[in-house]
Amino acid sequence: SRAALAQAQAQAAQASSALALSRENLARAQRLVADDAVAATEIDRLEAEVRSNSAALGSARALVAARSLDVGFATVRAPISGRISDRRIDAGNLVSGGSGAEATLLTTINAVDPIHFEFAGSEALFLKARRDGLDKGTAVDIRLQDETDYRWHGTLDFTDNGLDPDSGTIRARAVIRNAGDFLAPGLFGRMRLATGGTHRALLVPDSAVSTDQTRKLVLIVQKDGTVARRMVELGPLVGGLRAIEGSLKPTDRVVIKGLQMAVPGQKVRVQPGKIAPPDTRTEAAQGPVRVASRASSATLAN
């Protein structure tokens, strides 16, 4: 306790004073030896007294160190800064030390600024990020459950060393500045990780893509008004629009409505259609891409 420490410190101070006095007495007696004013036995006694007081001071200082250690054991210092929860014990309660299950929980502290955002990425996202050379420091955008904008910004801080074989995902973590301590542990959010940089792609409504066994296709209207099938390779879904890889040209007219009435090989009467720009703000944690362009024209088949 602090009282025991104070008592030990007082004893050390007392021993220090006694040692200083015995040293002065010995020095005074040694100056009188030349005049035969002090007996040799007195000198021996004073020297022994100095040694005894020196040992007593060493013992007192060791006791101070032990009592200081006891006080240190009774003082709880937080290893991190953050927000503290309510206390789980009151003064006078019996507590147990250690780090096992029998240790008494005093309270919990959560670091909130910066705060960590943990997420699980798919194997496809992991592979793409690796091929794009993304690592620590990659920008991550996050929105909360009730937000439409990705207003929280951080950087990739940690990627696990292997995928979970059961879920096929890999754990990762971003670190975010949390000014005002608004974010709290346990909140749910969606993240956006730009893995491919900005690139150009042709986008069509996902509903315009049909399936023929294992192949994907879209219907296009040729110059003579005849409907034709075009096999396509699909890219990611961005804001409700599907990225098409390679097989479409910006000048192709894609059927986006009335697909059930558009028969390949037959002519149709077309009406111009419009594809709304994608809302990329709602894409989350799928390995989002940034798209700079969309299909330049589309048609409505009646």
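Add 4 to the 1-based position in the sequence shown for our numbering, that's all there is to it. By construction, the Cβ of each residue, glycine as well, lies at the ideal position given by its N, Cα and C atoms. Keep in mind the model is a prediction, meaning the values are calculated, not measured.
Just mark residue i as buried or exposed, buried being the case when its beta carbon has 16 or more other beta carbons within 10 Å.
{"i": "Arg6", "result": "exposed"}
{"i": "Leu9", "result": "buried"}
{"i": "Asn57", "result": "buried"}
{"i": "Leu23", "result": "buried"}
{"i": "Asp94", "result": "exposed"}
{"i": "Leu187", "result": "buried"}
{"i": "Gly125", "result": "buried"}
{"i": "Ala71", "result": "Reading the sequence as shown, one finds Arg at residue 71 and not Ala. Result: buried."}
{"i": "Ala133", "result": "buried"}
{"i": "Leu191", "result": "exposed"}
So, residue i versus residue j, is the Cβ gap smaller than 8 Å?
{"i": "Thr108", "j": "Val99", "result": "yes"}
{"i": "Val54", "j": "Arg35", "result": "no"}
{"i": "Leu223", "j": "Ala280", "result": "no"}
{"i": "Ala64", "j": "Gln15", "result": "yes"}
{"i": "Ala205", "j": "Gly239", "result": "yes"}
{"i": "Thr111", "j": "Arg87", "result": "no"}
{"i": "Leu50", "j": "Ala33", "result": "yes"}
{"i": "Phe121", "j": "Arg175", "result": "no"}
{"i": "Leu167", "j": "Lys140", "result": "no"}
{"i": "Gln264", "j": "Gly193", "result": "no"}
{"i": "Leu114", "j": "Pro189", "result": "Note that residue 114 is Asn in the sequence shown here, rather than Leu. In contact: Asn114 and Pro189 (Cβ atoms closer than 8 Å)."}
{"i": "Val225", "j": "Arg257", "result": "yes"}
Sort the options by Cα distance to residue i and report the nearest one.
{"i": "Ile84", "options": "Arg65, Ala60, Ser103 and Pro118", "result": "Pro118"}
{"i": "Val231", "options": "Thr215, Leu263 and Pro268", "result": "Pro268"}
{"i": "Lys220", "options": "Asp228, Leu207 and Arg234", "result": "Arg234"}
{"i": "Lys278", "options": "Gln270, Glu46, Arg134 and Lys261", "result": "Lys261"}
{"i": "Asn165", "options": "Tyr154, Ala183, Trp156 and Glu127", "result": "Glu127"}
{"i": "Arg155", "options": "Arg135, Ala183, Pro276 and Ser89", "result": "Ala183"}
Using only the alpha-carbon positions, how far apart do residue i and residue j sit?
{"i": "Arg196", "j": "Ile146", "result": "6 Å"}
{"i": "Leu245", "j": "Phe123", "result": "25 Å"}
{"i": "Leu131", "j": "Gly158", "result": "21 Å"}
{"i": "Arg285", "j": "Thr152", "result": "At Arg285 the pLDDT is 43, less than 50, meaning the model places this residue with poor confidence; the figure from the coordinates comes in the next sentence. Cα-Cα distance, rounded: 7 Å."}
{"i": "Arg81", "j": "Gly104", "result": "19 Å"}
{"i": "Ala247", "j": "Leu207", "result": "5 Å"}
{"i": "Thr255", "j": "Val179", "result": "44 Å"}
{"i": "Gly229", "j": "Leu129", "result": "41 Å"}
{"i": "Gln18", "j": "Val68", "result": "13 Å"}
{"i": "Ala143", "j": "Gly172", "result": "23 Å"}
{"i": "Arg273", "j": "Gln217", "result": "28 Å"}
{"i": "Ser20", "j": "Asp74", "result": "23 Å"}
{"i": "Asn29", "j": "Glu46", "result": "10 Å"}
{"i": "Gln13", "j": "Ala38", "result": "40 Å"}
{"i": "Pro169", "j": "Thr163", "result": "16 Å"}
{"i": "Val242", "j": "Glu249", "result": "13 Å"}
{"i": "Leu25", "j": "Gly102", "result": "46 Å"}
{"i": "Val236", "j": "Lys253", "result": "11 Å"}
{"i": "Ala52", "j": "Asp40", "result": "20 Å"}
{"i": "Ala44", "j": "Ala31", "result": "13 Å"}
{"i": "Lys227", "j": "Lys271", "result": "10 Å"}
{"i": "Val259", "j": "Asp185", "result": "50 Å"}
{"i": "Val42", "j": "Ala66", "result": "36 Å"}
{"i": "Glu106", "j": "Ala78", "result": "17 Å"}
{"i": "Ser251", "j": "Ser214", "result": "15 Å"}
{"i": "Arg135", "j": "Pro276", "result": "40 Å"}
{"i": "Ser89", "j": "Leu138", "result": "37 Å"}
{"i": "Val48", "j": "Ala59", "result": "Contrary to the premise, residue 48 reads as Asp rather than Val in this sequence. Their Cα atoms are separated by approximately 17 Å."}
{"i": "Val295", "j": "Gly76", "result": "With a pLDDT of 25 at Val295, under the threshold of 50, the modelled position of this residue cannot be trusted; read the value that follows with caution. The alpha-carbon atoms of Val295 and Gly76 are separated by roughly 59 Å."}
Should residue i be listed as close to the ligand ADP, given that the test is whether its C-beta is under 7 Å from any heavy atom?
{"i": "Ser85", "result": "The ligand ADP is not among the ligands present in this structure, which contains no ligands whatsoever."}
Any beta-carbon of chain D closer than 8 Å to the one on residue i?
{"i": "Val99", "result": "Of the chains in the structure shown, none is chain D; there is only one protein chain."}
Requested in this report: At 3 residues or longer, and completely inside the segment 76–162: list those beta strand (DSSP E) runs for me, N to C.
Outcome: Fully enclosed beta strand (DSSP E) runs of 3 or longer: 119–126 and 143–148.
Query raised in the report: Which parts of the segment 211–278 are runs of the beta strand (DSSP E), unbroken and 3 residues or longer, counting only runs that do not cross its ends?
Result: As far as the segment 211–278 is concerned, its whole beta strand (DSSP E) runs of at least 3 residues are 214–216, 219–225, 231–242, 245–249, 257–261 and 274–276.
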